[in-house]
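S.K.: Residue numbers (this note's numbering): 2 to 373.
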Amino acid sequence: MILIKIYMATTFIDKNGLKLVGIQFNNTTWYAYHTMWLRHNCRCEQQCLHNTTKELIVCSSSLTNEQITVQNTHIDDTNLYITWMDNHNSVYNLGWLLEYTHTATSNKDVMASNLNVAPDLSCLDWTLTEIDDDNEKIKKMMQLVDQHGYCYIKNFGLDNQKFIQLLDQNNYPLFESHFGIYENLQPAKYNTFNKHTDQLGYTYDRVDLHTDQPFIENCPPYQSLHCICKADVGGSNMIVDIRKIYKTMKELYPHDAHLLATQPILFDRKQKDFRKQLSTPIITLDENGEFKSVRSSYFTIAPFDLPFDQMIPYYTAYNRFHELVRREEAQIDIHLEPGELIVYNNHIMMHARTAFSGKRLMKGTYHMKIIK
Ligand SMILES: [Fe+2]
Ligand SMILES: [Zn+2]
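Spelled out as structure tokens, the structure:
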């Protein structure tokens with residue numbers, strides 16, 4: 002193979018278990034190879050091939066984490082050189098590496114160490130002067146929600162009924178849940194309005210990333226949280242864009258991604274006076290096999306009811322997905338002040354809140370969309 006030698010570079014990517022060596026072959030082509038594959042394919046005759054028979058004498062299963070971690074890389078017109086953390090040296094001919102580009106990725110998102118999983122910025126100032134009609138502002142807000150999965154609204158004010166009414170007259174009516182027509186999200190001892198408050202949302206505790214109402218077949222697509230009174234300490238909100246997470250899953254762990262979209266689990270909302278169940282996979286795909294929606298809630302699932310031989314594969318997929326979801330770079334933190342809101346699509350974003358103290362009160366509403 003003939004190489005066009007314009008500019009060469011290497012980079013080592015090691016982030017939360019993802020270990021890759023990125024190689025720039027010329028100024029347009031980047032490929033990233035798994036370090037496991039590179040170390041397994043070292044062709045040195047000191048340790049990796051037998052010095053007389055030239056047979057491979059290393060099994061990949063015997064390689065330790067240190068042995069597949071890069072100490073430094075160097076590249077010239079002919080070879081890639083890697084020194085590993087155990088001080089072992091490997092040399093790879095570039096022409097040979099180019100014959101194996103199918104074992105590498107050219108996806109820049111995967112090669113970027115942040116994996117490009119951060120949610121977009123999506124914000125609307127209710128007092129902005131370009132739009133003065135409230136209905137137009139609502140339309141703009143829902144456009145942002147549809148595009149970015151959520152919208153952070155500043156300077157709305159404290160009138161939650163006005164917000165509900167505006168959404169209603171723009172074809173996003175309230176969706177009533179088993180808690181009531183809307184929620185006063187505050188510790189249960191202060192809440193005389195909602196039913197079935199024996200759940201995490203009505204405590205002071207942290208609620209980790211989840212979607213709401215996954216046990217309902219047609220669970221509400223839109224959710225808003227309106228800050229009326231903020232916490233003394235804590236109580237901020239986090240959201241994660243699952244479209245980006247699932248795209249990364251498909252790239253890095255396609256078998257796990259497939260399992261999440263095909264293996265049903267039982268969502269089980271089990272409270273003192275309320276019970277509802279639904280069996281469905283965590284990820285729903287559309288007719289083209291692309292991401293459509295997510296359901297995930299660690300506090301409303303039944304014990305996995307899977308055959309013995311499928312338990313480890315499923316836990317592997319489930320854990321990988323939630324490890325990605327919980328990565329700091331996948332989350333956007335929003336500290337709502339009184340009079341501010343967030344609206345998000347509960348089918349594509351997961352949300353969480355930190356523990357808090359004080360008389361925090363969020364008005365929570367679910368909305369459907371009437372398509373005319
Ligand atoms: Fe929630
Ligand atoms: Zn070697």
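Ideal Cβ positions, reconstructed from N, Cα and C, are used throughout, including at glycine. Please read all numbers here as calculations on a predicted model, not as lab measurements.
1. Does the beta-carbon of C43, which I'm using as the reference point, lie nearer than 7 angstroms to any heavy atom of ligand 2?
2. Smallest Cα separation from K364: which of L307, L325, L159 and Y173?
3. Does DSSP classify M51 as helix, strand or coil?
4. Give the DSSP-derived three-state secondary structure of F26 in the structure shown.
5. By how many angstroms is the C-alpha of D213 removed from the C-alpha of Y367?
6. Have a look at H259, L21, Y173 and M239 and flag the residue whose alpha-carbon is nearest the alpha-carbon of Y32.
7. Please confirm if D147 has its CB atom under 8 angstroms from at least one CB of chain C.
8. Spatial neighbours of K360 within its chain, please: C-beta separation below 6 angstroms, excluding the five flanking residues on both sides.
9. For F309, does the three-state DSSP call read helix, strand or coil?
10. Which residues mark the beginning and the end of the alpha helix (DSSP H) in which T249 is found?
11. Excluding the 5 residues flanking T128 on each side, which residues of the same chain have their C-beta closer than 6 angstroms to its C-beta?
12. Since I14 and I76 are thought to touch, with beta carbons under 8 angstroms apart, how far apart are those beta carbons, to the nearest angstrom?
13. Quick one: what's got a C-beta closer than 8 angstroms to I165's C-beta in the same chain, skipping five residues either side?
14. Looking at ligand 2, does it come within less than 7 angstroms of H89, judged from the CB to the closest heavy atom?
15. Should W97 go down as buried or exposed, given a rule of 16 or more other Cβ atoms within 10 Å for buried?
16. Determine the direct distance from the alpha carbon of L116 to that of Y101, and round the result to whole angstroms.
17. Classify R270 as helix, strand or coil using the three-state DSSP reduction.
18. Does at least one heavy atom of ligand 2 sit under 7 angstroms from the Cβ of C60?
19. Looking at the secondary structure, which residues open and close the beta strand (DSSP E) in which L125 lies?
20. Quick one: is the Cβ of G235 within less than 7 angstroms of any heavy atom of ligand 1?
21. Answer yes or no: do R321 and R207 have a C-beta to C-beta separation smaller than 8 angstroms?
22. What is the rounded straight-line gap between the Cα of H191 and the Cα of E177?
23. Considering only residues of the same chain and omitting the five flanking positions on each side of C220, which have a CB-CB separation below 6 angstroms?
24. What is the rounded straight-line gap between the Cα of H51 and the Cα of T104?
25. Among the candidates H89, F216 and T106, whose CA atom is the shortest distance from the CA of M301?
26. So D209 is in the beta strand (DSSP E); what residue range does that whole segment cover?
27. From C152 to K138, what does the alpha carbon distance come to, in whole angstroms?
28. Going by DSSP, what residues sit across from C230 in a beta bridge?
29. What does DSSP give as the partner residues of S297 in its beta bridges?
30. Can you pull the DSSP bridge partners for L21?
31. Quick check on the burial criterion: 16 or more other C-beta atoms within 10 angstroms. Buried or exposed for V241?
32. Within the continuous alpha helix (DSSP H) that includes H179, where are the two ends?
33. Exposed or buried, E291, counting other C-beta atoms within 10 Å across all chains shown (16 or more means buried)?
34. Less than 8 angstroms between the beta carbons of L307 and M250, yes or no?
M.R.: Here's the rundown:
1. For ligand 2, at least one heavy atom lies less than 7 angstroms from the Cβ of C43.
2. Nearest to K364 by C-alpha distance, out of L307, L325, L159 and Y173, is L159.
3. Reading off the sequence, residue 51 comes out as His, not Met. In the structure shown, H51 sits in coil (DSSP, three-state: anything other than H, G, I, E or B).
4. Assigned with DSSP and collapsed to three states, F26 falls in coil, not helix or strand.
5. Looking at the two C-alpha atoms, the distance is approximately 9 angstroms.
6. Closest option to Y32, Cα to Cα, is L21.
7. This model lacks chain C altogether, as it is built from one protein chain only.
8. Same-chain partners within the cutoff: C230.
9. The answer is helix: DSSP assigns F309 an H, G or I state.
10. Unbroken alpha helix (DSSP H) run through T249: I243 to L253.
11. Within the same chain, T128 has close Cβ partners N156.
12. Actually they are not in contact, since the Cβ atoms of I14 and I76 sit about 15 angstroms apart, beyond 8 angstroms.
13. Closer than 8 angstroms at the Cβ level, and outside the excluded window around I165, lie L175, Y183 and T366.
14. For H89, the distance from the CB to the nearest heavy atom of ligand 2 is below 7 angstroms.
15. Taking all protein chains shown into account, W97 has fewer than 16 neighbouring C-beta atoms within 10 Å of its C-beta and is therefore exposed.
16. Distance from the CA atom of Y101 to the CA atom of L116, rounded to whole angstroms, is 23 angstroms.
17. Three-state DSSP puts R270 in a strand.
18. No; taking the cut-off as 7 angstroms, the Cβ of C60 has no heavy atom of ligand 2 nearer than that.
19. L125 -> beta strand (DSSP E) spans C124 to D126.
20. No, ligand 1 has no heavy atom inside 7 angstroms of this Cβ.
21. No, these two residues do not count as a Cβ contact at 8 angstroms.
22. This sequence places Tyr at residue 191; His is not what is there. Cα to Cα, Y191 sits roughly 21 angstroms from E177.
23. Q214.
24. Looking at the two C-alpha atoms, the distance is approximately 25 angstroms.
25. In the sequence as presented, Met is not what sits at residue 301; that position holds Thr. For T301, the closest of H89, F216 and T106 by C-alpha to C-alpha distance is F216.
26. Run containing D209: V208 to H211, per the beta strand (DSSP E) assignment.
27. Going by the C-alpha atoms only, they are around 12 angstroms apart.
28. DSSP lists L362 as the bridge partner or partners of C230.
29. In the DSSP assignment, no residue is bridged to S297.
30. In the DSSP output, where bridge partners are listed per residue, L21 has I14 and H35.
31. It counts as buried.
32. H179 -> no alpha helix (DSSP H), and no H or E assigned at all.
33. Under this definition E291 is an exposed residue.
34. Not a contact, by the Cβ cut-off of 8 angstroms.
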